[in-house]
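As given, the protein sequences belong to chains A and B, one line each in that order.
Start counting the first sequence at 3; every next residue gets the next number (our numbering).
Start counting the second sequence at 84; every next residue gets the next number (our numbering).
Note that CB positions come from ideal geometry on N, CA and C, so glycine has one too.
Just so you know, these numbers come straight off a predicted model, no measurement behind them.
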Amino acid sequence: MDKQSDITMQLDQALSARGTSIPHEVDNPVFTLDNVSVFYGDYEAIRSVTLPIGKNEITAFIGPSGCGKSTLLRSFNRMNDLIPGSHLKGTVAYHGTDIYGPDVDPIEVRRKVGMVFQKPNVFPKSIYENVAYGPKVNGVKGNLDDVVEECLTRAALWNEVKDDLKKSAYALSGGQQQRLVIARCIAVKPEVILMDEPCASLDPIATAKIEDLMAELAHDYTIVIVTHNMQQAARVSDRTAFFTAELDENEVRHGRLIEFGRTREVFSSPTDSRTEDYISGRFG
Amino acid sequence: MSQIQIHHQLTGRGTPLRDRVFMWLLFISLAIGVLTLAILLIYVTVKGWPRLDTRLFTNMPSVRDAENAGAQSAITGTIWVISFTALIALPTGVMAALHLEEFASPHSRFQRFIEVNIQNLAAVPSIVYGILGLAVFARALALGQSVITASLTLSLLVLPVIIISTREALRAVPRNIRDGSLALGATQWQTAYRQTLPAAIPGIATGTILALSRAIGEAAPLLLLGAVSFITFNPNGVLSGYTTLPIQIFNWTKESREEFQVLAAATIVVLLLILLAMNFVAIWIRNRTQKRW
């Protein structure tokens, strides 16, 4: 190794240690994260993330288990607030407003930023009631038949369930349940949809359907997806953020953002060796 | 290894003596419980058989005329008392449990203090509730020996059990149902009211019915409240006098004449049938509404 590349590497590491390794602009950011760290009590699950989320783009968070990517995702709609002892440093700006600001109501944030979970968590109610629930709790009165039909259609589920709307949502298969959760989510008319490993419990066919659906939804929504599946990130996302867990000077593990950029570039020519090792399957 | 060697290894050593002894101990323990119940049931049914007829339901109690005595006022009294007990204890208990489980901060010292106390209350002997009811409801609030005094006292008795079983039912509702609701912009109250509580209803119903069937069989606190006199009329309001099945049974067993012992046995059968029916309903609700998450 010659001296020149040694210096470059040191420089890279110095840059990444600041948490702002890759300055990267998106045209029309919906979210702008600035130096965001999330703590559970004293434990810092993820440290100083600076990252924009582009409008109508699909942004994928990839990285090994325990790198804090799900934790970071849950800070976009303040779901971490529900975990006792969690708190956040830095700013999570949604169209310029810090959603952790003193006057912000987390309930209003969650109406703008929907979420799809790892395990399809349909409610123990009918298919119809699952979709109608969001509008109902948000004060929409009157007949919701049209909303239910529209959302189920958009979630590519209508044709499969239109005759069984009164049936329990538990009667559906795992993949159908996950599409129902997506329909339920868009019924609230959010701008952003967060997806926390939405295909983790699904078979390849159901996964392919969800991926097609995501591409379709990206025309109208901004999607952030956490995935363990590298091929999935490569297939569906516009931009990719790679995270990993690092030991700091006190030998404490915490998550770091290593690389962020256009998916094509992150996968074809990663700038950090750890990204390259991960996407080529050498660890994680 | 030869085939025979393998055969010996697989067929092994047989069941050791210790295992067999232990298995018999388990079986005997079970038999003691089941047999006691069976003997009890058979004994009272056989003894009460001559008087297990419609007179029990149509006639009023008496300590003189055993031939025409019935337990109608005790049956209606039991229904009155237990209905109001349910009416008071169920909403109070469910709301208390909802607060503890869904809204109170789980780590506060106050919360833990309340929790320990509810558990202790569930273990307090029923006669102590009788003393409390006598002092507070019958005397201080001057409700006297009435249906409402009995219902309030029995409500206190079953409240801890309802709170504990409701909390368990709420806790059994998976976290991700609550998360799903909150992520849609529902408030904590909407989530509790529209998701958690409905999903917990089977557990709440079962716990409540079992708690109420305990209350139905209680004689001690009611005796302390002064429900010893003979009541030969059905209750006509919450402030009306009353008698209940356990009290009627108690009164008849005090009588020396054999006919009244038979009458008591017949009334016990009625009480047991009501209890069995309530437990059956509890099991039915549980099986019918069983959820997979």
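Restricted to the segment 81-132 of chain A, the alpha helix (DSSP H) segments that are unbroken, complete and at least 4 residues in length are 108-114, listed in chain order. Apart from the 5 residues on each side of it in sequence, asparagine 142 (chain B) sits with its Cβ closer than 7 Å to the Cβ of Asn151, Ala152, Gly153, Gln155 in its chain, given in chain order.
Here glycine 131 (chain B) is near valine 345 (chain B), since their CB atoms are less than 8 Å apart.
Distance check between serine 264 (chain B) and each of B:Thr274, B:Val256, B:Pro257 places B:Thr274 closest, using alpha-carbon atoms only. In the three-state reduction of the DSSP assignment, arginine 195 (chain B) falls in the helix class, which pools H, G and I. Within the segment 279-293 of chain B, those residues whose Cβ lies closer than 8 Å to any Cβ of chain A are, in chain order, Pro281, Ala282.
By the Cβ neighbour-count rule, asparagine 123 (chain A) is buried, with 16 or more other Cβ atoms within 10 Å of its own. A Cβ-Cβ distance of about 7 Å is found for the pair valine 353 (chain B) and isoleucine 158 (chain B), placing them in contact under the 8 Å criterion. Here aspartate 148 (chain A) is exposed, its C-beta having fewer than 16 other C-beta atoms within 10 Å.
In chain B, no part has a C-beta under 8 Å from the C-beta of lysine 168 (chain A); the shortest such distance is about 16 Å.
Taken through DSSP and simplified to helix, strand or coil, isoleucine 227 (chain A) comes out as strand. Listed in chain order, the non-local C-beta contacts of serine 238 (chain B) below 6 Å within the same chain comprise Thr168, Ile171, Ala172, local neighbours out to five positions each way being set aside. Per DSSP, reduced to three states, the secondary structure at alanine 47 (chain A) is strand. Listed along chain B are Ser188, Pro189, His190, each with a C-beta nearer than 9 Å to that of proline 86 (chain A).
Taken in chain order, the whole alpha helix (DSSP H) runs of length 4 or more contained in the segment 279-304 of chain B are 280-299. A residue is called buried when at least 16 other Cβ atoms come within 10 angstroms of its Cβ; tyrosine 45 (chain A) does not meet this threshold and is exposed.
Contact of arginine 186 (chain A) with chain B is assigned, a C-beta pair being separated by under 8 Å. A distance below 8 Å separates the beta carbons of leucine 308 (chain B) and alanine 233 (chain B). Residues of chain A whose Cβ lies closer than 8 Å to the Cβ of glutamine 331 (chain B) do not exist; the shortest such Cβ separation is about 44 Å. For the segment 136-177 of chain B, the full-length alpha helix (DSSP H) segments reaching 4 residues or more read 138-141 along the chain.
Proximity of chain A to arginine 195 (chain B) at the Cβ level (cut-off 9 Å) is not reached, the minimal Cβ distance being about 14 Å. Distance check between phenylalanine 119 (chain A) and each of A:Phe41, A:Leu259, A:Leu182 places A:Leu182 closest, using alpha-carbon atoms only. Closest by C-alpha distance to alanine 347 (chain B), out of B:Ile357, B:Trp335, B:Glu341, is B:Trp335. Bounds of the alpha helix (DSSP H) holding asparagine 161 (chain A) are 160-163. Under the Cβ criterion of 8 Å, asparagine 140 (chain A) is counted among the residues facing chain B.
Secondary structure of phenylalanine 244 (chain A) (DSSP, three-state): strand.
In the structure shown, aspartate 279 (chain A) adopts helical secondary structure according to DSSP, grouped into three states. Taking 7 Å as the Cβ-Cβ cut-off, the segment 112-130 of chain A approaches chain B at Arg112, Arg113, Gly116, Met117, Phe119, Lys121, Asn123, Phe125, Pro126, given in chain order. DSSP places leucine 204 (chain A) outside both helix and strand once states are collapsed to three, so it counts as coil.
A distance of 8 Å or more separates the beta carbons of phenylalanine 63 (chain A) and phenylalanine 269 (chain A).
Valine 38 (chain A) carries a strand assignment under DSSP once its states are collapsed to helix, strand and coil. Apart from the 5 residues on each side of it in sequence, glutamine 92 (chain B) has no Cβ closer than 6 Å to any other Cβ in its chain. Distances from the CA of glycine 92 (chain A) to each of A:Glu110, A:Arg113, A:Asp100, A:Val38 were compared; the closest alpha carbon is that of A:Val38. The alpha helix (DSSP H) runs of length 4 or more contained entirely in the segment 336-374 of chain B are, from start to end of the chain, 341-371. Its Cα nearest to that of alanine 294 (chain B), the residue B:Ile246 stands out among B:Ile246, B:Ala349, B:Trp367, B:Arg258. Under the Cβ distance rule, glycine 98 (chain A) does not count among the residues neighbouring chain B, no pair being separated by less than 8 Å.
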